[in-house]
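Here's the structure, in structure tokens; my notes come after.
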Amino acid sequence: MFHRSKKGFLEKRSMLMQEQSRPVGRTHMLDEIQEQPAALRRALNSAVDPARQVALEAKQRDVDVVIIAARGTSDHAGLYAQYLFQYLNGIPVALATPSLYTLYGTSLRLGRALVIGISQSGESPDIVEVVARARETGALTVGITNQEGSKLATTAQHSLFCNAGLERSVAATKTYTTTCAVLAMLAAFMPGGEPLREGIEQIPELAAAALKSEENAARVAERYVHARDCVVLGRVFQYSTAREMALKLEETCYVLATPFSTADFRHGPAALVERGLPVIVFAPPGRTSAEAHELLQWLHERGADCLVVTEDERLLELATVSILLKLPALTGAISPATGAKQGGNHPAQAMQTSVAELLAPIPYIIPGQLFAQYLALSKGLNPDQPRSLTKITRTR
6 MFHRSKKGFL EKRSMLMQEQ SRPVGRTHML DEIQEQPAAL RRALNSAVDP
56 ARQVALEAKQ RDVDVVIIAA RGTSDHAGLY AQYLFQYLNG IPVALATPSL
106 YTLYGTSLRL GRALVIGISQ SGESPDIVEV VARARETGAL TVGITNQEGS
156 KLATTAQHSL FCNAGLERSV AATKTYTTTC AVLAMLAAFM PGGEPLREGI
206 EQIPELAAAA LKSEENAARV AERYVHARDC VVLGRVFQYS TAREMALKLE
256 ETCYVLATPF STADFRHGPA ALVERGLPVI VFAPPGRTSA EAHELLQWLH
306 ERGADCLVVT EDERLLELAT VSILLKLPAL TGAISPATGA KQGGNHPAQA
356 MQTSVAELLA PIPYIIPGQL FAQYLALSKG LNPDQPRSLT KITRTR
């Protein structure tokens, strides 16, 4: 007993000494943002075999729907997977409603479903409950978590581990991108996902390139030191990026950030726009480029303060400020599963989407993470320890 106590004391003292020796302005959040290329490489390497096994079993069971249960940052990764699985694999995807399970005792018929629970800690009771109930009804269940041996990992039939390493900051960064990467790996092994596999191997390089935006993000963040609210926009695959960016601003900077799909934004919320309103727009090259240009023109005419995250230099003239990314070029394009596999009448070949666009949410959130971290510091806040929050959130 004494030996264990002494060991615990020494570990705490070591952590305290590490904290005291940290450079001024250096945060765990920044360290973890910068660790993402290595974390992504570990996550992808470890996910190959279990993802292949899950995909094989899903095919054997003739899975015809995917249900994803998650909260917070994990829910945003699930939102990315919702778009990706539907586009690549032609499988309907729904985001679960955990409260119906835990508060109302609901059970669904999920015998031909793949149910994925996502929790960084693996200890969120409501997510574990969804997976447990789904398994009881015959669903194929998968837990995606950063903690081996967690309740989620032991409840699900299969586990995919993020292998992000210890994340000290309350604000999730590397666990978000590794979760997205693991989900992309799973989609790549499902029917229709094969063309994505080569691109997935380049995700760590995409993240490394995105990290080069740090100086730009830090400089731009100073402009918004007095911001108290903003709107964050993205569409299709980037909608999850907008949601995650908004959460980072709320939890680390105490900015009331409201995310919208750019399409939904036109259905009412556009009335919020007035001169000087900060609007953050994620606008990668691809099928949404023309709409992004039109939207930025509209915002520009109304005097909105637009921060644009993009690789497309043509959009810069419409931005108030920008974070310009220079990402490695990825080859290849993929047709939507609905046209290619179900005999749809629309020309699937003409509707191809680039591999780069499908994977862009992973590198694109990185400048957003950097922006939030530096904005928090500019406001005199500690992004590692937001008020009223803890690293593990247990909801039922």
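Using the numbering used here, count along the sequence shown one by one with no gaps and you end on 401. We put the CB at the ideal spot given by N, CA and C, even for glycine. This structure is a prediction, so every number in the text was calculated from the model and none was measured.
- Beta carbon of A212 nearer than 8 Å to that of I367: yes
- Query: Taking the alpha carbon of P196 as the point to measure from, which residue in A60, L300, Q39 has its own alpha carbon closest?
  - Reply: A60
- Answer yes or no: do C235 and A48 have a C-beta to C-beta separation smaller than 8 Å? no
- Straight-line CA distance for R66 to E141? 16 Å
- Task: Over the uninterrupted beta strand (DSSP E) stretch that includes P290, give me the two end residues.
- Result: Where P290 is concerned, there is no enclosing beta strand (DSSP E), given that its DSSP letter is neither H nor E.
- Of the choices G77, S393, T325, whose alpha-carbon is the least far from that of A177? G77
- Query: Are three or more beta carbon pairs between the region 275-294 and the region 358-366 nearer than 8 Å?
  - Reply: yes
- Query: In angstroms, rounded to a whole number, what distance separates the CA positions of A345 and G143?
  - Reply: At A345 the pLDDT is 40, less than 50, meaning the model places this residue with poor confidence and gives no usable figure here.
- Query: In terms of alpha-carbon separation, which member of P55, S266, R202, D310 lies closest to A158?
  - Reply: P55
- Could you give the distance in angstroms between the alpha-carbon of S26 and the alpha-carbon of Y109? Note on S26: pLDDT 39, under 50, position unreliable in the model; the coordinate value appears next. Each residue's alpha carbon lies about 50 Å from the other.
- Query: When you compare only the Cα positions, how much space is there between Q207 and I38?
  - Reply: 18 Å
- Message: Beta-carbon within less than 7 Å of A101's beta-carbon, same chain only, minus the 5 sequence neighbours each way: which residues are those?
- Response: I72, I73, A74, V135
- Query: Tell me which same chain residues have a C-beta within less than 8 Å of the C-beta of A214, skipping the five on either side of it?
  - Reply: L330, K331, L332, P333, P368
- Query: How long is the line joining the alpha carbons of A137 and I371, rounded to whole angstroms?
  - Reply: 33 Å
- Please determine if the region 225-240 and the region 250-264 are in contact, where contact requires at least 3 C-beta pairs separated by less than 8 Å. yes
- Query: What are the partner residues of G116, as DSSP defines its beta bridges?
  - Reply: Paired residues: none, contrary to the question.
- Does the distance from the CB of R173 to the CB of H298 come in under 8 Å? no
- Item | For V284: DSSP bridge partner residues | V236, C311
- Item | alpha helix (DSSP H) segments (min. 4 residues) lying fully within the region 237-278 | 244-258, 267-270
- Going along the chain, which residues of its own chain have a beta-carbon closer than 6 Å to the beta-carbon of A139, five neighbours each way excluded? L115, V120, T146
- Message: On the CB-based measure, 16 or more other CB atoms within 10 Å of its CB, does K156 come out buried or exposed?
- Response: buried
- Query: Between the region 268-283 and the region 301-316, are three or more C-beta pairs nearer than 8 Å?
  - Reply: yes
- Per DSSP, cross-strand counterpart(s) of T358: I339
- Please classify E199: is it buried, with 16 or more other beta-carbons within 10 angstroms of its beta-carbon, or exposed? exposed
- State whether the region 85-96 contacts the region 177-188, with contact taken as three or more CB pairs (one from each stretch) at a distance under 8 Å. yes
- Task: Grab me the residues of A222's own chain with a C-beta within less than 7 Å of its C-beta, minus the 5 sequence neighbours each way, in chain order.
- Result: I328, P372, L375, F376, Y379
- Query: Run through DSSP, which three-state label would L165 get?
  - Reply: strand
- Check the C-beta distance from G148 over to G170 and give it rounded, since I have them as a contact under 8 Å. That belief does not hold up - the Cβ atoms of G148 and G170 are roughly 18 Å apart, past 8 Å.
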